[in-house]
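In order, the protein sequence lines correspond to chains A and B. The opening residue of the first sequence carries number 0 in numbering that gives the first Met the number 0; numbering runs sequentially from there. The opening residue of the second sequence carries number 0 in numbering that gives the first Met the number 0; numbering runs sequentially from there. Accompanying notes for the structure given below.
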Amino acid sequence: MIIGCGRVGSAVAKQLAADGWNVTCVDEDENALARLGAWKGGFVVGHGMDADILEEAGAPDAEAAVVSTDGDNSNIVIGQILQRRFGIGCVVVRVLDPARAEFYARLGLRTVCPTQTAISTLTDAVRACEAAPVPVPQVTT
Amino acid sequence: MYIIVAGGGKVGSNIARSLIEMQREVTIVEQRRDRFAQLEAEFGHSAMLGDATEIAVLERAGIARPPELVLAVTGDDEDNLIISQIAKEGYGVPKAIARVNDPRNQQHFDLLGITETVCATSGLLALVEHEVPEHGLVRLLELRREGLEVVEVQVQADSPAAGQRVAGLSLPDGSRLVSVMRNGVAEIAVGETVIRPGDQVVAILKPGAEDKLRRVLVG
């Protein structure tokens, strides 16, 4: 199941479908279906907080779920519903705020934080440059 | 007593005002600038600008002290859930009370262990139900944590319980009659109490016994 079929969700859906997964997407906006191209998987229009919608999308039988709507708090709540109510073992949740991502990871939610990834990648990219930081002159009194 | 109020709309600002009048120490957090300006004008340093679902904002509001109580009363149920979870599970706040905006989300609060919730919509619906006695059983109070509920039924002339002693009724397991109100006067229901048509009977029961209780009392 992919909850939130935006740029990220739709791309993940297509990749997993290509890997052979049977994928169903959920999005509030029916136009999100267009992002999936020639889509053979499932698509349900509705809000991920709506338990009926999650059921319709197959949550009781799902083996994995990716939650990637544009709201951190919605993602965290939906992820916990899928994990605790529907007992899905592999629930991966996108959380942009590093602090919240870390907090909920400690509570047992598998959070992925693109912001933290960007921070690390950018920092590492600068560290890999040949340029070195300019030493700060020591002030002696 | 220190209290953090998350959400400075109508609910949050009115609660904060009342709490401050009650000499409580309060911080009210609001993320919208226009609303914050109003709150700051009224509450001064007790008002804080920021998103209360951000851990850094909650820390600035003093979540680590921790407060005795956090009230999560924003207009977003997701946000209220997150604020309550961070308060209770992250900072050991003894009590968090959350506002439920959409009654359909009540199940999510229950699932995630946010047991103290207030839903104005459900409350109003219960009152509406109370005004329509032919509906049968009216739910007066739900004691979620205890797993009990208090209900009321109006006995009619043709109800099976009319004219019977309480002790003679075969009430379902997990239910008990509490009181009988007749002509505006309530009395505690005992075995000898005789139920009359027109009586309003209050019962306490475990959820699930409603239908059986209704059949015994009003058919």
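Ideal Cβ placement from N, Cα and C applies to all residues, glycine included. The model shown is predicted, which means the values in this text are computed figures rather than measured ones.
CA nearest to the CA of I62(B), picked from I27(B), E77(B), L139(B) and G197(B) = When each option's Cα is compared against that of I62(B), the closest is I27(B).
DSSP beta-bridge partners of V117(B) | BP columns for V117(B) point to R98(B).
List, in order along the chain, the chain B residues whose C-beta lies closer than 9 Å to that of L106(A)?
-> Those within 9 Å of L106(A) in chain B are Q84, E88 and G89.
Use the C-beta contact count for V127(B): other C-beta atoms within 10 angstroms, 16 or more gives buried, fewer gives exposed.
-> Result: exposed.
For V66(A) versus G57(A), is the C-beta distance shorter than 8 Å?
-> For the 8 Å CB-CB criterion, V66(A) and G57(A) do not form a contact.
For D78(B), does the count of other Cβ atoms within 10 angstroms reach 16, so buried, or fall short, so exposed?
-> Per the 10 Å Cβ criterion, buried.
Return the chain-ordered list of same chain residues with a C-beta closer than 6 Å to the C-beta of R213(B), the five sequence neighbours on each side being excluded.
-> Here the set comprises G135 and L136.
Between the CA atoms of R23(B) and G91(B) - distance to the nearest angstrom = If I take the Cα positions, the gap works out to 20 Å.
Do D71(A) and D51(A) have their C-beta atoms closer together than 8 Å?
-> For D71(A) and D51(A), no; Cβs fall outside 8 Å.
C-alpha gap between T116(B) and L121(A), whole angstroms | One C-alpha to the other measures close to 43 Å.
C-beta neighbour in chain B for A61(A), strict 8 Å = For A61(A), no Cβ of chain B is located within less than 8 Å of the residue's own Cβ.
Three-state secondary structure (DSSP) at G41(A)?
-> If DSSP states are grouped into helix, strand and coil, G41(A) belongs with the strands.
To which residues of the same chain is L15(A) closer than 7 Å at the C-beta, ignoring the five residues directly before and after it?
-> So the list reads V22, once near-sequence residues are dropped.
Within 10 angstroms of the Cβ of S17(B), are there 16 or more other Cβ atoms? Answer buried if so, exposed if not.
-> Exposed, because fewer than 16 other Cβ atoms sit within 10 Å of the Cβ of S17(B).
Out of I14(B), A15(B) and E29(B), which has the shortest C-alpha to C-alpha gap to G6(B)?
-> The candidate whose alpha carbon is nearest that of G6(B) is E29(B).
Please decide whether Q105(B) counts as near chain A, where near means a Cβ-Cβ distance under 8 Å.
-> Taking Cβ atoms only, chain A never reaches closer than 8 Å to Q105(B), which makes this a no.
Using a Cβ-Cβ distance under 8 Å, would V94(A) count as near chain B?
-> With 8 Å as the cut-off, V94(A) does not count as an interface residue toward chain B.
Beta-carbon contacts of I87(A) that lie in its chain and below 6 Å, excluding the five residues immediately before and after = Same-chain partners within the cutoff: A61, A64 and L81.
Cβ shell of G3(A) (< 6 Å), same chain only, five flanking positions each side left out | Taken in chain order, the residues that qualify are S67 and T68.
Terminal residues of the beta strand (DSSP E) in which Q153(B) lies = Segment L147 to Q153, the beta strand (DSSP E) holding Q153(B).
Would E77(B) count as contacting chain A if we go by Cβ distances under 8 Å?
-> Contact of E77(B) with chain A is assigned, a C-beta pair being separated by under 8 Å.
Report all residues from its chain with a CB closer than 6 Å to the CB of R144(B); omit the five preceding and five following residues, and keep chain order.
-> Excluding residues within five positions, the ones whose Cβ falls inside 6 Å are T114.
Mapping DSSP to helix, strand and coil, what is A61(A)?
-> DSSP places A61(A) in the coil class of the three-state scheme, outside both helix and strand.
If you compare alpha carbons, which of I81(B), N100(B), L142(B) and S174(B) is closest to L57(B)?
-> Residue I81(B) is the option with its Cα nearest to L57(B).
Using the beta-carbon count (16 or more within 10 Å), is H44(B) buried or exposed?
-> The residue is exposed, with fewer than 16 neighbouring Cβ atoms inside 10 Å.
Tell me whether M48(A) is buried or exposed, calling it buried when 16 or more other Cβ atoms sit within 10 Å of its Cβ.
-> M48(A) is buried by the Cβ-count criterion.
Alpha-carbon spacing of A71(B) relative to A97(B), whole angstroms = Answer to the nearest angstrom: the Cα atoms are 5 Å apart.
What are the start and end residues of the beta strand (DSSP E) that includes T110(A)?
-> Residues R109 to V111.
Specify, as a first and last residue, the run of the beta strand (DSSP E) that Q79(A) falls within.
-> That residue, Q79(A), is in no beta strand (DSSP E); its alpha helix (DSSP H) goes D71 to Q79.
Could you list which residues in chain A have their beta carbon closer than 8 Å to that of L110(B), in chain order?
-> Chain A residues near L110(B): Q79, I80, R83 and R84.
Under 8 Å between beta-carbons, which chain B residues line up against A98(A)? List them in chain order, please.
-> E53, I54 and A55, listed in chain order.
Nearest-angstrom beta carbon gap, A60(B) and F42(B) [assumed within contact, 8 Å] | In fact, because the Cβ distance is near 13 Å, the residues do not count as touching under 8 Å.
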